[in-house]
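*Asks:*
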Amino acid sequence: MRHAKIIYLRKCDEGKPRCGNCLDRNEKCVYIAPSHSRPQKPVTFQTSSRSSDSGGSSHPATPPEVYDDGQFDEIIPRPGPEYTTNRVIKVDLSPHFALVPGRPGRPTNEAKLLHHWITVTCSGVRFPNRSSTAELMREAIPQLATSFPFLQDALLACAAVHLIDRTAVEPQSLVGSASSKYFTKALRSFQQILAEPEKVAESAEAIFATSMLIALWNGMNAFHHSNKDEFYDDFVRFFRMSQGTKTVGYNYWSHLDGTRCRRLIEAREGATVLDEELPDFLKNERLMLISSRVKDGIDEEVSDPATREVYRITMSLIEWVHAALLIPANTISELAGRVNTFPTMCPGAFVTLLAQKDERAIAIAAHYMATACKVDNYSWFLAGGKMKRYIRVLCSMVQRKEWVVWPLITIGDSWTSVLLQVDGQENERIYTLANEILGNVPWNW
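Our numbering numbers the first residue of the sequence shown as 309 and each following residue consecutively.
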């Protein structure tokens, strides 16, 4: 019995508890109150000499300490060398990242989420002109967040929803719950600010940044975590939120004049194109025509000229996205940037058609998703391995199979031939069309 007791003490280290001991072994700590028996360990931020752009104000030479009391040990994993048992988090940014004003003693999990945003999440956010996007997401927005709690909540929500996919099964629900709470709080505060015009002018830069993160969160949440039944509603919501970014930018663009965010946003190709400017924008761009029949018969079948124009412009915009493949250098990176830009650039009327489950609009959306599928590994918030599944969902909602031949052939898997059937039967006309599109699809393949 005594020998067994000694083994038990060594296994859980009850005799000398320390932070992270059981977590390092992937075991649940059974010690009753470990925080009472160990000193608090500060999370230190290693900073650079880089100065902030916020009006030239100086920051404390010694960053404040954020104490780790172990309360989030089970929620936030430490998958790599960044999170060690001595709780050192290294962030190569200014000291003001260590503690946000108005939140004294910020919990350690927020420090870890911020660290995850800066070191991991931002690496996957791809828009045209990658260097300006990296500076915007990794530096400008977090610096703004130190003064605007609603922006900080939106940032933490995005970091948490991204962390879910990199978390062990057990704490996923806890991280997901934290993400939803941060997002709900950010959205509520964001709406309150917009309802007070006198506060908008002084907060315009943070408001615009928050609208971007709200759209980003909706995209990550929809594409990563929707089931088949929820996917379409979340898909439409993502497009609506992305349009919100354009609306906020249109309404408050003048207030952003001279700001760092505006300078970085304007460096992104196509980022500031409004609905009425899209036709001229596309005239000056090279398009890669996708041999689709989705635009065929529009003049005869669609009576409203405005709706016809929406179909044509949106499909041309997808062809602009796809044309990134024609660029000799960095084609995948450029394509990923255009894919991510598309939801904010597509006409608002197209999103309305999606919400109404317009069949032609759904077919166009399937073309967008199929193009996005080409950069699946480069654009992490576009669903990872679920992308093909979502394309199949969209294509199954379209009765006119000739409209979705290109998306289905593009993803080409075991379901393709089934989804191309008409009334449950293989159709020679559809396969002939597929052969015209790609030139290598045999009948009865």
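Where a beta carbon is used, it is the ideal one built from N, C-alpha and C, also for glycine.
#1: Met-705 lies in the alpha helix (DSSP H); which residues open and close that run?
#2: Short of 7 angstroms in beta carbon distance, which residues of its chain neighbour Ala-468, apart from the five on each side in sequence? Order them along the chain.
#3: Give the range of the alpha helix (DSSP H) segment to which Lys-591 is assigned.
#4: Are the beta-carbon atoms of Met-596 and Leu-643 separated by less than 7 angstroms?
#5: Within 10 angstroms of the Cβ of Asn-526, are there 16 or more other Cβ atoms? Answer buried if so, exposed if not.
#6: Let me know the secondary structure DSSP gives Ser-519 once reduced to three states.
#7: Leaving out five residues before and five after Glu-513 in sequence, what residues of the same chain have Cβ atoms less than 7 angstroms from its Cβ?
#8: Apart from the five residues on each side of it in sequence, which residues of its chain come closer than 6 angstroms, Cβ to Cβ, to Leu-444?
#9: Are His-675 and Pro-715 close, meaning C-beta to C-beta below 7 angstroms?
#10: Whole angstroms are fine: how far does the CA of Ala-503 sit from the CA of Arg-260?
#11: Can you tell me where the alpha helix (DSSP H) with Ile-717 in it begins and where it stops?
#12: Rounded to the nearest angstrom, how far is the Cβ of Thr-553 from that of Thr-652, given a contact under 8 angstroms?
#13: What do you reckon, are the CB atoms on Phe-546 and Ala-494 nearer than 7 angstroms?
#14: So the alpha helix (DSSP H) Ser-624 belongs to, where does it begin and stop?
#15: Could you tell me which uninterrupted alpha helix (DSSP H) segments, each at least 4 residues in length, are contained entirely in the stretch 474-514, listed from first to last along the chain?
#16: Applying the 10 Å Cβ sphere with the 16-neighbour rule, what's the burial state of Asn-592?
#17: With H, G and I counted as helix, E and B as strand and the rest as coil, what does DSSP make of Thr-652?
#18: Going by beta carbon distance, what residues of the same chain come within less than 6 angstroms of Gln-551, once the five residues before and after it are set aside?
#19: Given this structure, state the Cα-to-Cα distance separating Cys-430 from Arg-446, to the nearest angstrom.
#20: Round the Cβ separation of Ile-626 and Ile-670 to the nearest angstrom and send it over; I've been treating them as touching at under 8 angstroms.
#21: Mind checking Glu-584: buried by the 16 CB within 10 Å criterion, or exposed?
*Replies:* The structure says:
#1: Per DSSP, Met-705 belongs to no alpha helix (DSSP H) and is neither H nor E.
#2: Around Ala-468: Leu-421, Val-483, Ala-486, Ser-487, Tyr-490.
#3: First-last of the alpha helix (DSSP H) with Lys-591: 586-591.
#4: No, these two residues do not count as a Cβ contact at 7 angstroms.
#5: Flag for Asn-526 reads buried.
#6: DSSP places Ser-519 within a helical segment (H, G or I) once states are collapsed to three.
#7: Excluding sequence neighbours, Glu-513 sits near Leu-452, Leu-564, Thr-567, Cys-569.
#8: Cβ neighbours of Leu-444 within its own chain (closer than 6 angstroms, five residues either side excluded): Leu-572.
#9: Result yes, Cβ atoms of His-675 and Pro-715 sit closer than 7 angstroms.
#10: No answer is possible for residue 260: the residues shown for the chain start at 309 and end at 753.
#11: Looking at the DSSP string, the run of the alpha helix (DSSP H) that includes Ile-717 is 713-719.
#12: Indeed they touch by this definition, with Cβ atoms about 5 angstroms apart.
#13: Not a contact, by the Cβ cut-off of 7 angstroms.
#14: Element bounds for Ser-624: 613-630.
#15: Qualifying alpha helix (DSSP H) stretches, in chain order: 480-502.
#16: By the 10 Å Cβ count, Asn-592 comes out exposed.
#17: Under the three-state reduction of DSSP output, Thr-652 falls in the helix class.
#18: Excluding residues within five positions, the ones whose Cβ falls inside 6 angstroms are Gly-656, Val-659.
#19: In this structure, the CA atom of Cys-430 is about 6 angstroms from the CA atom of Arg-446.
#20: At roughly 13 angstroms, the Cβ-Cβ gap does not stay under 8 angstroms, so Ile-626 and Ile-670 are not in contact.
#21: Answer is exposed; the Cβ neighbour count stays below 16.
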